[in-house]
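Participant: This is the structure I have questions about; it appears just below.
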Amino acid sequence: MTIFEALRKDHDIQRDLLARLVETHGDSDERDSLYKQVKKELHGHAAAEERAFYIPLMEMDLTQEKARHSVAEHHEIDELIELLDETDYSATHWLTHAKQLQELVTHHLDEEEQEVFQLAGRGLKDKQKTALASEYHEEMQRQRSA
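Just so it is clear: in the sequence shown, position 56 is 56 by the UniProt record's numbering, and no numbers are missing.
So, in C-alpha cells, the structure goes:
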C-alpha cells in the first residue's frame with residue numbers, strides 16, 4: 001500500500017463521519033458520539049499525516065509550498081473544532097459551524113488528493129511511498145489508541 005492509498009482510506013472515513021454528523025439534531029447522544037469520533041479522527045489524522053507525509057514533502061522544493069498550505073489548513077480545522085467545543089450542541093449555530101467544518105475538511109481532502117498527491121507522486125520514489133504508508137499506519141495506531 002502506498003501513502004496515497006492509506007490517506008485516501010482515512011479521508012473516506014472522515015467524509016462519512018462528517019456527512020453523518022451534519023444530519024444530527026440538537027443535544028443528542030448521536031451528535032455527541034459522532035462529534036467525538038470526528039474530533040478524534042481529524043486530530044489523529046492530522047498528526048500522523050504531518051509526521052509521515054508533510055515533513056518529507058516540506059524537504060522537497062516541488063512540494064514544499066503545497067505541504068505548508070495543507071498544514072495551515074489543519075490549523076484552520078483545529079480552530080473550527082475549538083469553536084464547536086465552545087458551542088452548546090443545542091445551539092442553532094452549532095450545526096452551522098459543523099457544516100463549515102465539513103466544507104473546510106472536504107475542501108482540504110479534495111485539494112490534497114487532486115493536487116498534493118499529484119506533485120508528491122512525481123517527487124517521491126516508489127520505496128518512499130510504501131515506507132511512508134507504514135509510518136503513517138503506525139502513527140495512526142498510536143493516535144487511535146491514545
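Beta carbons are placed, not taken as given, at the ideal position from N, Cα and C, and that holds for glycine.
Shortest alpha-carbon distance to residue 105 belongs to which of 60, 142, 76 and 65?
Facilitator: For this step, residue 105 is matched to residue 105 along the sequence shown. Closest option to residue 105, Cα to Cα, is 76.
Participant: For residue 92 and residue 103, I'd like the C-alpha separation in whole angstroms.
Facilitator: To locate residue 92, count along the sequence shown from 1; it is residue 92. To locate residue 103, count along the sequence shown from 1; it is residue 103. Whole-angstrom Cα-Cα distance: 18 Å.
Participant: Can you tell me which of 90, 70 and 60 puts its alpha carbon nearest to the alpha carbon of residue 29?
Facilitator: The sequence position of residue 29 within the sequence shown is 29, counting from 1. Per the Cα distances, 90.
Participant: The alpha helix (DSSP H) spanning residue 58 covers which residue range?
Facilitator: Along the sequence shown, one-based indexing puts residue 58 at 58. Unbroken alpha helix (DSSP H) run through residue 58: 55-58.
Participant: With C-beta atoms as the reference, is residue 52 less than 9 Å away from residue 3?
Facilitator: As a position in the sequence shown, residue 52 is number 52, starting the count at 1. As a position in the sequence shown, residue 3 is number 3, starting the count at 1. Cβ distance < 9 Å, so residue 52 and residue 3 count as in contact.
Participant: Below 8 Å, can you find three or more Cβ-Cβ pairs linking the segment 12-22 to the segment 116-131?
Facilitator: The segment 12-22, when compared against the segment 116-131, does not touch it at the 8 Å Cβ threshold.
Participant: Between the beta-carbon of residue 111 and the beta-carbon of residue 86, is there less than 9 Å?
Facilitator: Here the question's residue 111 lines up with position 111 in the sequence shown. Here the question's residue 86 lines up with position 86 in the sequence shown. No, Cβ-Cβ distance for residue 111 and residue 86 is not below 9 Å.
Participant: From residue 9 to residue 94, what distance separates their C-alpha atoms?
Facilitator: Here residue 9 is taken as the residue at index 9 of the sequence shown, counted from 1. Here residue 94 is taken as the residue at index 94 of the sequence shown, counted from 1. Whole-angstrom Cα-Cα distance: 28 Å.
Participant: Give the straight-line distance between the Cα atoms of residue 57 and residue 67, rounded to the nearest whole angstrom.
Facilitator: Within the sequence shown, numbered from 1, the residue matching residue 57 stands at position 57. Within the sequence shown, numbered from 1, the residue matching residue 67 stands at position 67. Rounded to the nearest angstrom, the two C-alpha atoms are 6 Å apart.
Participant: Identify, in the order they occur along the chain, each residue of the same chain with its Cβ nearer than 8 Å to the Cβ of residue 13, setting aside the five sequence neighbours on each side.
Facilitator: As a first step, residue 13 is located in the sequence shown; it is residue number 13 there, counting from the start. 41.
Participant: In angstroms with no decimal places, state the Cα-to-Cα distance between residue 26 and residue 69.
Facilitator: Here the question's residue 26 lines up with position 26 in the sequence shown. Here the question's residue 69 lines up with position 69 in the sequence shown. Going from the Cα of residue 26 to the Cα of residue 69 covers about 34 Å.
Participant: Work out the CA separation of residue 141 and residue 134 for me, nearest whole Å.
Facilitator: Within the sequence shown, numbered from 1, the residue matching residue 134 stands at position 134. Within the sequence shown, numbered from 1, the residue matching residue 141 stands at position 141. Their backbone Cα atoms lie some 11 Å apart in a straight line.
Participant: Please report the straight-line C-alpha distance between residue 45 and residue 80, rounded to a whole angstrom.
Facilitator: By 1-based counting over the sequence shown, the position of residue 45 is 45. By 1-based counting over the sequence shown, the position of residue 80 is 80. When rounded, the distance between both Cα atoms is 16 Å.
Participant: Mind pulling the alpha helix (DSSP H) runs of 4 or more residues that sit fully within the segment 53-98?
Facilitator: Counting only runs of 4 or more, we get 55-58 and 61-85.
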